[in-house]
Amino acid sequence: MDNVRVRFAPSPTGALHMGGVRTALYNYLFAKKYNGTFVLRIEDTDQTRYVANAEKYIIDALEWCGIPFDEGMGKNEKFAPYRQSERKHLYKQYADKLIESGWAYYAFDTAEELDFHRKEHEANKKTFVYNWHNRSKGKLVNSLVLSADEVEKRLNSGEKYVIRFKMPQDETLIMEDEIRGTIKIDTNTLDDKVLFKSDGMPTYHLANIVDDHLMQISHVIRGEEWLPSMPLHVMLYKAFGWDAPKFAHLPLILKPEGKGKLSKRDGDKLGFPVFPLKFTNEETGDVSRGYKEDGYFPEAFINLLALLGWNPGTEQEIFSLEELVNQFDLKRVSKSGAKFSPDKAKWFNQQWLQKKSVEELTNLFLPILTEKGISSDKNYVKKVVELVKERAVFVTDLWGLSSFFFENPTEYDAKNVKKVWKEDTSNLMQELVEVISNINDFTLEATQTIIKEWISSKEIGFGKVMQPLRLALVGKLAGPDLFEIMVMLGNETTIKRIENAINKNS
Ligand code: GLU
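Going by our numbering, the letters in the sequence shown line up with residues 539 to 1044, in that order.
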């Protein structure tokens, strides 16, 4: 495919929802797969919903995810500006063009009048729709019913007006969606959407189509919530006489229980983020958690998002960004919503953590140790990481999994003590101390052989020694291989910890 140009066109109304990030990701993957361009355009024509720090947030989020835009504010500005508020002088002429060609008309109905019609319809259990069936009947005040002079007069006197699209009557519109296939719609069910508002700003619909055309967008890949706008958009391209881009509407990301769109409230309730980065709403002071701050690797976040809606057609679940670029295919994006699972999200992070090198994880772990006031030799920390990383979901888990490598246990869980510290255990441990102090070569091999032989010679079960020993060294009945732990701690610390446990538990 040649000349692929896709865009991510968010409105800066707050933090970017993970559904929005997935839209950006699919656009990015599609662009990279076909050596195309990924454009970022900020759709800020609705000034009432504008949030000051949201634009920076969007850019930072794309950066963190590793899917930066190729073209947009400050980058390869071929079609600058990329903020719609800075392009506002541009749109009116296009609305005028549609008036000239008869595809649009001026409407002077005031908000009160429209409200009256709405209420009147409601009283008769009907819904008021501004379209073919009432636009010319005389009840509505627009340039389809007023004389040309009257319209001219109203415009010249500065009366407020909007420009509406004149949706054709009695047509069946046939549209193609890359994901959903052929969609047919009866134009009689559609309304005459406002294209240009009385405040001198275009609506989303007009600005979006004009910009996609001017910016030579080849594919519009966006969320399902925009599917109802597709007929109007396709009609607008027709009205302008422009070639329409191809459309692909992505499925929703659904709540963990499967019904309805995943919301911030679901995240708050079940304890997971729905935003890539932490976000502070400067107006309300409201703080929302982010995947980044919660300890997710961007690779894991991207990986889990990629599979929320796209089916690779194989068993493979772990994908690098490069693999995603190679394998992504719009045709394999599902039509139905994708259920989000917080547990699966964690699983992805665990998988990506395993893929990190010990060196990398150690470098991430060292500052956590420093913060805890622990200074330790880097090589020792590396060995610790190697032993415990398998169980870690997040880097911050490393401490909980390994603190006993750095600190002596100070207490033992009463339940565990009851379970493993029997009447003869203290004597047994005392004997073990003797055995250990006689091991000259405190290596894994030697320690293992000597202790195992000793246990066999006593003709007792392995667990009778190993369980209390684990409690003494780790403080709980968990952790990696005990002999590895002993060798890491060294015989002196091992003995000290066994003696401590004897003192506390006898
Ligand atoms: N500004 C719209 C949004 O906030 C963009 C929709 C589209 O991609 O056409 O999602």
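Virtual Cβ for every residue (Gly too), placed ideally from N, Cα, C. Computed from a prediction, not measured in an experiment: that's the story for all the values here.
- For Lys884, the CB contacts under 6 Å within the same chain, skipping 5 residues up- and downstream, are Val931 in chain order.
- Annotation: the continuous alpha helix (DSSP H) that includes Met556 extends over Met556 to Lys571.
- A direct Cα-to-Cα measurement between Arg587 and Lys735 gives close to 15 Å.
- In the DSSP annotation of this structure, the continuous segment of the beta strand (DSSP E) that includes Gly761 starts and ends at His757 to Gly761.
- Taking the Cα of Ala777 as reference, the smallest distance to any Cα among Trp641, Asp824 and Asn887 is reached at Trp641.
- His787 counts as buried, since no fewer than 16 other beta carbons sit within 10 angstroms of its beta carbon.
- Around the beta carbon of Ala645, 16 or more other beta carbons sit within 10 angstroms, so the residue counts as buried.
- Taking a 10 Å sphere around the C-beta of Gln622, we find 16 or more other C-beta atoms and assign the residue as buried.
- Taking C-beta atoms under 8 Å as the contact rule, Val748 and Tyr629 qualify, at a distance of about 6 Å.
- The beta carbon of Arg929 sits closer than 8 Å to those of Asp935 and Leu939, all from its chain and outside the five residues before and after it, given in chain order.
- Fewer than three beta-carbon pairs drawn from the region 796-811 and the region 851-859 are found closer than 8 Å, and the two stretches are therefore not classed as touching.
- A straight line joining the alpha-carbon of Leu800 with that of Leu693 spans about 45 Å.
- The alpha carbon of Thr1031 has as its nearest neighbour, out of Ser874, Glu624, Ala1010 and Arg870, the alpha carbon of Ala1010.
- Taking 7 Å as the cut-off, one finds no heavy atom of the ligand GLU near enough to the beta carbon of Val577.
- The beta carbon of Leu1007 sits closer than 8 Å to the beta carbons of Met967, Leu970, Leu1020 and Ile1036 from its chain, once the five residues preceding and following it are set aside; these are given in chain order.
- At a Cβ-Cβ threshold of 8 Å, Met705 and Asp687 do not count as neighbours.
- Secondary structure note for Val919: its alpha helix (DSSP H) is the uninterrupted segment Lys916 to Val926.
- Less than 8 Å separates the beta-carbon of Trp890 from that of Ala838.
- In this structure, Val973 lies near Ile989, with their beta-carbon atoms less than 8 Å apart.
- Taken in chain order, the complete alpha helix (DSSP H) segments of 4 residues or longer contained in the region 779-834 are 802-808.
- Gly612 and Val758 have their C-alpha atoms some 22 Å from each other.
- For Lys882, the closest of Leu982, Ile701 and Ala844 by C-alpha to C-alpha distance is Ala844.
- Less than 8 Å separates the beta-carbon of Tyr595 from that of Leu554.
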